[in-house]
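Before any comments, here is the structure.
Numbering (full-length UniProt numbering), first residue to last: 1 to 155.
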């Protein structure tokens with residue numbers, strides 16, 4: 001809505017003698033309306049920029065038509081068979097990379113699980129050591145209580 005229309009509505013509603021407060025309200029409304037328009041304009045520009053980025057053509061990878069060491073200079077003619085072989089090599093290369101990444105992820109997961117297992121075993125050993133230590137302490141205290149007291153009188 002236009003801020004002028006809002007100002008007219010405020011002036012109609014305001015009682016006589018409250019013009020000062022009405023002016024403050026209309027100024028605030030005007031300020032908010034301007035800020036709103038600026039934000040709408042900014043959003044529109046951002047939406048347009050993201051849509052143009054999405055429209056940009058994504059170029060695929062260059063197909064390597066030559067095997068290593070195959071080029072001997074001069075003009076070369078590429079047959080459909082050579083395109084097919086090149087695309088098969090590219091597909092195999094991508095498959096190998098994918099398998100390698102999966103193996104790396106699996107090794108990472110195994111390493112993490114081994115570390116967790118090692119930590120758990122260390123914790124169990126620590127608990128066992130503490131339990132044995134407490135047991136030794138109880139036995140030692142029990143032996144000290146059961147000992148007869150010595151008389152340290154001089155003869």
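Think of the CB as a built atom: it goes at the ideal place given N, C-alpha and C, for glycine as much as any other residue.
Problem set entry | Neighbour-count burial assignment, residue 26, 16 or more Cβ in a 10 Å radius | buried
Problem set entry | Backbone secondary structure at residue 128 - three-state DSSP | helix
Problem set entry | C-alpha gap between residue 38 and residue 57, whole angstroms | 31 Å
Exercise. Could you check where the alpha helix (DSSP H) with residue 54 kicks off and where it finishes?
Worked result: 19-55
Problem set entry | residue 120 versus residue 127 - alpha carbon distance | 11 Å
Exercise. Is the region 11-22 touching the region 35-50 in the sense that three or more CB pairs, one from each, lie closer than 8 Å?
Worked result: Contact between the region 35-50 and the region 11-22 is absent: fewer than 3 CB-CB pairs across the two stretches fall below 8 Å.
For this session: Would you kindly check if the distance between the Cβ of residue 40 and the Cβ of residue 10 is under 9 Å?
Result: no
For this session: Measure the C-alpha to C-alpha separation of residue 92 and residue 102 and round it to an integer number of angstroms.
Result: Residue 92 and residue 102 have their alpha carbons spaced roughly 15 Å apart.
Problem set entry | Of the listed residues 100, 12 and 60, nearest to residue 87 (C-alpha basis) | Between residue 87 and the set 100, 12 and 60, the nearest pair of CA atoms involves 60.
Problem set entry | Beta-carbon proximity of residue 24 to residue 6, cut-off 9 Å | no
Problem set entry | Three-state class that DSSP yields for residue 96 in the structure shown | helix
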